[in-house]
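J.: Mapping to our numbering: the sequence shown position 21 is 48, numbers consecutive. Glycine residues also receive a C-beta, built at the ideal position from the N, C-alpha and C atoms.
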Amino acid sequence: MKTTLPILAISLVLCTVLAVENIVEKLGLQEQTAKDFILKDFVGRFSTSPVDDANSEEDTSDKIAAETKIFQIPSAKLLSSVVTGDKKAAAKELCAYVKAYVNSPQFKSDYQQLREATKPESEPSGMDPAQIESFKASIAEMEKQIETLKASPMTPKEAITQYETTVKQMKAQIPTGDPTPNKTKWMKTYPEDPSVMVKARLNEYLQLLATVDFTAQLTGKTVNNQKFAKAAYESQSLRWKAIYRAGKDVNDVASAFAKEWLKELK
28 MKTTLPILAI
38 SLVLCTVLAV
48 ENIVEKLGLQ
58 EQTAKDFILK
68 DFVGRFSTSP
78 VDDANSEEDT
88 SDKIAAETKI
98 FQIPSAKLLS
108 SVVTGDKKAA
118 AKELCAYVKA
128 YVNSPQFKSD
138 YQQLREATKP
148 ESEPSGMDPA
158 QIESFKASIA
168 EMEKQIETLK
178 ASPMTPKEAI
188 TQYETTVKQM
198 KAQIPTGDPT
208 PNKTKWMKTY
218 PEDPSVMVKA
228 RLNEYLQLLA
238 TVDFTAQLTG
248 KTVNNQKFAK
258 AAYESQSLRW
268 KAIYRAGKDV
278 NDVASAFAKE
288 WLKELK
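#1: Pick from Tyr271, Val70, Lys96: whose alpha carbon is nearest that of Ser222?
#2: In the DSSP assignment, find the unbroken alpha helix (DSSP H) run with Ala256 in it and report its ends.
#3: Can you name the start and end residues of the alpha helix (DSSP H) that Ala178 belongs to?
#4: From the DSSP output, which residues share a beta bridge with Leu294?
#5: So, for Thr211: in the same chain, excluding its five sequence neighbours on each side, which residues have a beta-carbon less than 6 Å away from its beta-carbon?
#6: Is the beta carbon of Phe98 closer than 8 Å to that of Asp68?
#7: By Cβ distance, which residues of its chain are closer than 7 Å to Pro186, with the 5 residues on each side in sequence left out?
#8: Cβ of Ser282 within 8 Å of Cβ of Leu236?
#9: For the alpha helix (DSSP H) that contains Val280, what are its first and last residues?
#10: With DSSP as the reference, label Lys146 as helix, strand or coil.
#11: Using 8 Å as the cut-off, can you tell me whether the segment 244-254 makes contact with the segment 273-287, which would need three or more C-beta pairs spanning the two stretches below that distance?
This is how it looks when you write it as structure tokens:
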């Protein structure tokens, strides 16, 4: 488990290093950079291109690459000077900044601009019934091949993963009855009312936090090559690991703040 992600990364729901002006300077962050990360982490999509199922954030066998398309943390070059101080006080300031920005006219404007920029420009071409049946038959055949490959101890796991990814992508291309799937995905990712998105992310953070084991042990002689001793933890998401790295004290502050914020959004 690499430990290059900032320890204060999950001061709030998105595990992003965000700060009031004086802390921005202490962290070595530009304010606009911090706000850009807040917005896109709340959205859960870092691409600014139009939503298109053909270029889905999920269409990759590289787990880390896929996750960084929906969650990222800015690099704060002066973070070490902050974490050696009162982390809980800093976390409170960070949380307050996140909320202040999200409730500001600037956030609403930034969000609407991003929403318009990502509006889909096209929809996938449809298939006639015969094409759909042929496509499904091809998928079924590939699934049989995968089972055969799995039965052979000589088959590399990477090959199986690649086949499974291909099948997943093919299944996603089968018409579901929705004539405008890209628009549907866009509206779900970028709801007209951003408070719907904010509420969802706050709840996601609290749900994920409940699964984090802050007593988990790490292995490795140096910070840069540490891994979780428990394999199940090593396979957890970047968000999960960011929460762990921030520590229980910071998350106690962030979770209490998130709960109070949610009360206002009801």
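T.: So, to answer that:
#1: In the sequence shown, counting from the first residue as 1, residue 222 sits at position 195. With distances taken between Cα atoms, Ser222 lies closest to Val70.
#2: Within the sequence shown, the letter at position 229 stands for residue 256. Careful: Ala256 lies outside any alpha helix (DSSP H) and carries neither H nor E.
#3: Counting from 1 along the sequence shown, the entry for residue 178 is found at position 151. That run of the alpha helix (DSSP H) goes 156-178.
#4: No answer is possible for residue 294: it lies beyond the span of the chain, which begins at 28 and ends at 293.
#5: Taking the sequence shown and counting its residues from 1, one reaches residue 211 at position 184. Excluding positions up to five away in sequence, the list reads Asp205.
#6: As a working mapping, residue 68 is identified with position 41 in the sequence shown. As a working mapping, residue 98 is identified with position 71 in the sequence shown. Closer than 8 Å, so yes.
#7: Numbered from its first residue, the sequence shown carries residue 186 at position 159. Strictly speaking, residue 186 in this sequence is Ala, with Pro absent from that position. The residues are Leu176.
#8: Position 255 of the sequence shown holds residue 282. Position 209 of the sequence shown holds residue 236. The Cβ-Cβ distance between Ser282 and Leu236 falls below 8 Å.
#9: The residue labelled residue 280 in the question sits at position 253 within the sequence shown. If you look at Val280, you'll find it in the alpha helix (DSSP H) that goes 275-292.
#10: Numbered from 1 along the sequence shown, position 119 holds the residue referred to as residue 146. When secondary structure is reduced to three states using DSSP, Lys146 falls in the coil class, being assigned neither helix nor strand.
#11: A contact is defined here as three or more CB-CB pairs under 8 Å, and the segment 244-254 fails this definition with respect to the segment 273-287.
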